[in-house]
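See below for the structure under consideration.
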Amino acid sequence: SLNPRMTVFEIVSESLRNGPSRIENRRLRQERVYEVLERVGLDPAQSDRYPHAFSGGQRQRIGIARALAPKPKIVIADEPVSALDVSVQAQILNLFQDLQRDLGLTYLFVSHDLNVVSNISDRVAVMYAGRIVEIAPTAEIYSSPRHPYTAALLSAVLTPEYTPNKSRIEPLQGHPPNPANLPPGCSFAPRCSFASPSCQQIPPRLEFVGEGRLVACHRKNELTLSGITRVSGNEVA
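Each residue of the sequence shown is one higher than the one before, starting from 9 at the first, in the numbering used here.
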């Protein structure tokens, strides 16, 4: 996502040269760029270099600095660590958490990695075929899912950090539907072992099932689904 023809300074300062967050004074703009580079752990003296001169983790830090430059209150991060080695992933996740604590940021963090999600999020929204099927605090999602798709995702977690609360459900069969041609009822029904006739015909609504928790499933009050728990016994954070 970094323009290879732009220096780090140009990349990070782009939002400060244009738009509502622009800083007209070049000296003040430079000070802001240097400030955010230092905050993400990069040397401002290297801001005249190009992206190819940096490692994958450093390039991700440049991207984070670019996002921080206009002083946002919310940051949308789409798979920000998916292409990084595990050790570098941990460093970037720690950076995200430090920035959240120090700057009071809110993140909309998009990821397919459930281990990453458990470590960075306070609340989780699970999506299937472009629709939200469950929203809940992270610890509740992991320990006691209420939607069959959420339970299937958690059942696929094989890392030794987690253990299933009960026996794992059967692996999903079939393939996700074509987003341009979704089935008439619940999009997950063709792959769901709990689907009833109404699931095949009527799209479920996302409804409250408790404080801060929403589920889109016709059988949400009938099913008891299995989640996972950290082996250490600590609550998922």
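The C-beta atom is built at its ideal place from N, Cα and C for all residues, glycine as well. Only a predicted model underlies this, so the values are computations on that prediction, with no experimental measurement involved.
Exercise. Distance, Cα to Cα, His277 vs Arg37?
Worked result: The structure shown does not extend to residue 277, since the chain is modelled only from 9 through 245, so no value can be given for it.
Exercise. DSSP three-state call for Ala245: helix, strand or coil?
Worked result: The residue given as residue 245 occupies position 237 in the sequence shown. With a pLDDT of 34 at Ala245, under the threshold of 50, the modelled position of this residue cannot be trusted; read the value that follows with caution. Reduced to three states, the DSSP call for Ala245 is coil.
Exercise. Would you say the region 26-37 touches the region 49-65, given that touching needs at least three Cβ pairs under 8 Å?
Worked result: no
Problem set entry | Buried versus exposed call for Pro156 [16 or more other C-beta atoms within 10 Å across all chains shown] | Walking along the sequence shown from the start, residue 156 turns up at place 148. That one is buried.
For this session: Determine the burial state of Val244: buried for a count of at least 16 other Cβ atoms within 10 Å of its Cβ, exposed for fewer.
Result: Within the sequence shown, numbered from 1, the residue matching residue 244 stands at position 236. Residue confidence is low: Val244 scores 38 on pLDDT, short of 50, so the model does not pin down where it sits. Its coordinate-derived value is still stated next. The residue in question, Val244, is buried, as its Cβ has 16 or more Cβ neighbours within 10 Å.
Exercise. According to the neighbour-count rule (16 or more other Cβ atoms, all chains shown, within 10 Å of its Cβ), is Val125 buried or exposed?
Worked result: In the sequence shown, counting from the first residue as 1, residue 125 sits at position 117. Label assigned to Val125: buried.
Exercise. I think Arg221 touches Phe202, with their Cβ atoms under 8 Å apart; what is that distance to the nearest whole Å?
Worked result: For this step, residue 221 is matched to residue 213 along the sequence shown. For this step, residue 202 is matched to residue 194 along the sequence shown. So it is not a contact: roughly 19 Å between Cβ atoms.
Exercise. Taking Cβ to Cβ, would you say Ile84 is nearer than 8 Å to Leu116?
Worked result: The residue given as residue 84 occupies position 76 in the sequence shown. The residue given as residue 116 occupies position 108 in the sequence shown. Yes, they are a contact pair.
Problem set entry | Start-to-end residues for the beta strand (DSSP E) that takes in Leu116 | In the sequence shown, the residue the question calls residue 116 occupies position 108. Residues Thr114 to Val118.
Exercise. Ala91: buried (16+ other C-beta within 10 angstroms of its C-beta) or exposed?
Worked result: Counted from its first residue, the sequence shown places residue 91 at position 83. Classification of Ala91: exposed, given that the 10 Å Cβ count is below 16.
Exercise. By the 10 Å Cβ neighbour count, where 16 or more other Cβ atoms means buried, how is Leu111 classified, buried or exposed?
Worked result: By one-based count along the sequence shown, residue 111 stands at place 103. When all chains shown are included, Leu111 counts as exposed.
Problem set entry | Per-residue DSSP class, three states only, for Gly138 | In the sequence shown, residue 138 corresponds to position 130, counting from 1. Gly138 falls in the coil class under three-state DSSP.
Exercise. Taking Arg179 as the reference, which of Pro192, Ala164 and Pro187 has the closest Cα?
Worked result: For the purposes of this step, residue 179 is identified with residue 171 of the sequence shown, where counting begins at 1. Looking at the sequence itself, residue 179 is Pro, so the reference to Arg does not match. When only C-alpha atoms are compared, the closest one is Ala164.
Exercise. Are Thr237 and Ser129 closer than 8 Å when you measure CB to CB?
Worked result: Counting from one through the sequence shown, the residue named residue 237 turns up at place 229. Counting from one through the sequence shown, the residue named residue 129 turns up at place 121. Taking 8 Å as the Cβ cut-off, Thr237 and Ser129 do not qualify as a contacting pair.
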